[in-house]
Amino acid sequence: MKKQYFLNAYIIDPKNSIDEIGGLIVNENGKIEAVGKKVNKNNIPSREKFINLEGKHIFPGIVDMRVFVGEPGYEYKENFRTLSNAALAGGVTSVVTMPNTQPVIDNVSIVDFLKRRGRDKAKINIYPTATLTKNLEGKNMTEFGLLQNKGIIGFTDGVKTIQNSRLMSRIMRSAYDLGSLVIQHAEDYELAENGTVNDGIISTKLGLQGITDLAEKVIIERDLTLLEDLNCRYHIAQISSSKSVEVIKYKKNEIDFTTGVSINNLSLNENDIGDFRTFLKLSPPLRREEDRLALVQGLKDGLIDVIVSDHKPEDEESKRLTFAQAATGASGIETLLPLSLELYHNDSVKLFKIIELLTHSPAKILNIDKGNMSIGNDADFCIVDINKPWVVKKEKMISKSKNTCIENKKLQGKVISTFIKGIELYKL
Amino acid sequence: MASFKKAVKISQKHLLGIQDLSINDINIILNEAKDFISLNKSKNKKIDILRGKTQINLFFEPSTRTQSSFELAGKRLGADVMSMNITNSAIKKGETLIDTAMTLNAMHPDIIVIRHQDSGACNLLSQKVNCSVLNAGDGRREHPTQALLDALTIIDRKKKIQGLRIAICGDILHSRVARSNIYLLNMLGAEVNIVAPSNLMPKDLEKLGINKFTDMKKGVKDCDIVMMLRLQNERMTSSFLSSNREYYEYYGLTPDKLSFAKEDALIMHPGPMNRGIEIDTKLADDINKSVIKEQVELGVAVRMACLKLFCE
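From first to last, the protein sequence lines are chains A and E.
One point on numbering: in the working numbering, the residue at position 339 of the first sequence is 339, and numbering is uninterrupted.
If you count the second sequence from 1, you need to add 1000 to reach the working numbering.
Now the structure itself:
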């Protein structure tokens, strides 16, 4: 590989507090050699060719903490190859995959298979999670230590929640002993039973069973209470309501934990469901505009630590059903960054903050040296035209499943190139 | 609401819910239905305005009065009526609603009447077929023909709806009848009181422009109409109420509670009734107060009007 020079770009690298016009040098081994304003035309060898990125941005490769891949078991929805291509088109270079596969990721023997498939088929960095409980049953813990040794980055039941408080406290103790990361999808099953949308005027009008925001709050409050005594690494996968933001605000000074939010809950509200649009059936559900605004404020106030895509590919057949029967979730990894940029364009959140929540912040929670452009590190980054207008079209999506919840939405900002270890793997 | 408006057309292709209709649409339907009331009482009840038209009834949920009412309505207008028996159909073999719709669509029906346990099923169907779709009840969302026949019954007895105070009482949470009636009665200028225990009251219902009550006596006070709803035990998966006995005590319509309404107040019920649970059995049969039988009778006329207007 030849040394590569990128000049005159606007570079944001939150970990290293870089927020300036400058350049980037990638060495022959695909590592970062230099970055920032000191890299300019005057201090690179004059014989070297450089790429002029005037008007463009360079961000560290995005780290998406919540991604569902269909492998093994649901390859028809998404496999590692299609996931990887979709991710690259969105500037995502590292993903945390959920264990809700068939079979589920709950034992050491399947981790080897997963790592091998991920390595052979995906060009992006794959960080698999395993389940908290065997077969997602919410009864018996999995082998956190052994799984971790095999390369599992964290533990979660994915779309499921640990309901049993005693089990949850034991999970936290084990996780504390072994230094494991626990990721909880917060939803009380009894309160949310059969619910499909936010409990409110929309559920009343559409005649759909609602999911009260209390279902999320109850679990978060319980877990944070348990956490006071047993402080393991604990992350709330996603929150969706202003009530949850309030709880987090209250507890954030007392105990250590982190919180995620889906870009869907930051960008859409329950009114977008319209006339039973099943592609907007999500978990947690889209809630009121007041909730969306509280989440955006939560980002600004530092109460929320990461933005995720909650990429959940579902084939068309499982969405072409009545709302109650349709599958939950939306495909969104390739629109994560462009949709996040909407928060910048409408003056809700500063660009630096958005990029931090998409790169360095998740990497810090996961304890991985990704999502930054530190010197000597792998050159995983993306080049973005943050002003380029485009329209989301199902048929142009790269993911194997086209269940986007923002079909026909006009966005501003598109990834032009994505690099991993200095190799350009995606080009618009 | 006097003159005929035969030339006027309905603004919608499908009848999915009262929400989609304009006041004009509603008046057209009610006027048309009035003509059929007398036809249904005459000796020769059959006319041929829908001759050559095909009507398919697609009932995914058990129904006595609505299904037979639609069937009879279609036959009296001269349409070829086919009622699909779901228990013998491919749906039992795992066919999805959309595939069923496509199959039926290929047979070129002019109108499909659908009842389904899922809210929005009729909307989904209407997107996939070429003919008009009439909603005969979807989940807990809407049951437009029931609300229309209720309105026709009220107008028949009270000569108006504007300015009346109407209480809808009981299991509102699971009720599509309540939702359709709230929209329709509001549009026609009635004041709507909703009476239900909190466990059976949908969230944020007051945003639909109604008055909420948990005390039935206060809710029915000075009302012109007391509309009772069936307690839908089959839809209750967990404990909503302590017992039927206690429910009857607090929310069942008894002479005592009815005495708070106006003296000439009418009792309505969409049926089927749980006698002794939501309504005192004598009150239900009191011909001076109860118009429950009339509701069934006018139901056929309203459905004839809808079939005629949406078939065009």
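C-beta atoms are modelled at their ideal positions from N, C-alpha and C, and glycine is treated no differently.
In this text the structure is predicted, and so the values were computed from the model without any measurement.
C-alpha distance - residue i paired with residue j, whole-angstrom precision
i	j	result
Gly1052 of chain E	Ala1033 of chain E	21 Å
Thr1066 of chain E	Ala1136 of chain E	7 Å
Asn1288 of chain E	His1174 of chain E	29 Å
Val349 of chain A	Ile1168 of chain E	47 Å
Leu83 of chain A	Glu424 of chain A	17 Å
Lys1006 of chain E	Glu1312 of chain E	The predicted position of Lys1006 of chain E is uncertain, since its pLDDT is 49 and thus under 50; a value taken from the coordinates is nonetheless stated next. Looking at the two C-alpha atoms, the distance is approximately 12 Å.
Asn1130 of chain E	Ile1098 of chain E	13 Å
Val1133 of chain E	Met1236 of chain E	29 Å
Met1001 of chain E	Ala1151 of chain E	Unreliable positioning characterises Met1001 of chain E in this predicted model, as indicated by a pLDDT of 43, which lies under 50. The coordinate reading is nonetheless provided below. In a straight line, the C-alpha of Met1001 of chain E is about 13 Å away from that of Ala1151 of chain E.
Glu33 of chain A	Leu88 of chain A	23 Å
Ala1121 of chain E	Leu321 of chain A	8 Å
Leu191 of chain A	Ser169 of chain A	21 Å
Pro1062 of chain E	Leu178 of chain A	56 Å
Met373 of chain A	Pro14 of chain A	9 Å
Asp1020 of chain E	Asn1193 of chain E	22 Å
Residue-level contact to chain E via CB, residue i, 8 Å cutoff
i	result
Leu293 of chain A	no
Val415 of chain A	no
Thr328 of chain A	no
Ser309 of chain A	no
Asp275 of chain A	yes
Asp199 of chain A	yes
Ala34 of chain A	no
Phe113 of chain A	no
Arg203 of chain A	According to the sequence as given, residue 203 of chain A is Ser; it is not Arg. It does; some Cβ of chain E falls within 8 Å.
Arg320 of chain A	yes
Ala324 of chain A	yes
Chain A contact for residue i (CB, 8 Å cutoff)
i	result
Gly1120 of chain E	yes
Leu1205 of chain E	yes
Ile1098 of chain E	yes
Gly1219 of chain E	no
Asn1123 of chain E	yes
Pro1202 of chain E	yes
Gly1094 of chain E	no
Arg1115 of chain E	no
Residue i (DSSP reduced to helix, strand or coil)
i	result
Cys1169 of chain E	strand
His345 of chain A	helix
Leu1036 of chain E	Per the sequence shown, residue 1036 of chain E should be read as Phe rather than Leu. It is helical.
Gln184 of chain A	strand
Leu178 of chain A	helix
Ser262 of chain A	strand
Ala1002 of chain E	For Ala1002 of chain E, the predicted model reports a pLDDT of 45, less than 50, meaning its position is unreliable and no value from the coordinates is stated.
His360 of chain A	helix
Lys350 of chain A	coil
Met1107 of chain E	coil
Thr278 of chain A	helix
Gly1074 of chain E	helix
Arg233 of chain A	strand
Asp1138 of chain E	strand
Met1304 of chain E	helix
Glu424 of chain A	strand
Thr101 of chain A	coil
Met1227 of chain E	strand
Gly61 of chain A	coil
Leu303 of chain A	coil
Beta-carbon proximity of residue i to residue j, cut-off 8 Å
i	j	result
Met1201 of chain E	Ile1172 of chain E	yes
Leu341 of chain A	Val415 of chain A	no
Asp199 of chain A	Lys1212 of chain E	no
Gln1146 of chain E	Ser1180 of chain E	yes
Thr359 of chain A	Ile62 of chain A	yes
Gly1139 of chain E	Gln1162 of chain E	no
Val1226 of chain E	Ala1265 of chain E	yes
Gly91 of chain A	Thr418 of chain A	yes
Phe1036 of chain E	Ala1301 of chain E	yes
Lys121 of chain A	Asp315 of chain A	no
Val1291 of chain E	Met1268 of chain E	yes
Leu53 of chain A	Ile383 of chain A	yes
Thr328 of chain A	Ser283 of chain A	yes
Leu295 of chain A	Asp272 of chain A	no
Near the ligand HEM: residue i beta-carbon under 7 Å from a heavy atom
i	result
Lys1203 of chain E	In the structure on display, the ligand HEM does not appear, and there are no ligands present to speak of.
Original post:
Which whole runs of the alpha helix (DSSP H) in the segment 13–56 of chain A are 4 residues long or more, in chain order?
Top reply: Unbroken alpha helix (DSSP H) stretches of 4 residues or longer found wholly inside the segment 13–56 of chain A: none.
Query raised in the report: Counting only runs that start and end within the segment 115–194 of chain A, where is the beta strand (DSSP E) found for 3 or more residues in a row?
Result: 125–130, 154–156, 181–184
Note down, one range per segment and in chain order, each alpha helix (DSSP H) of at least 4 residues found wholly within the segment 1232–1281 of chain E. 1244–1251, 1255–1258
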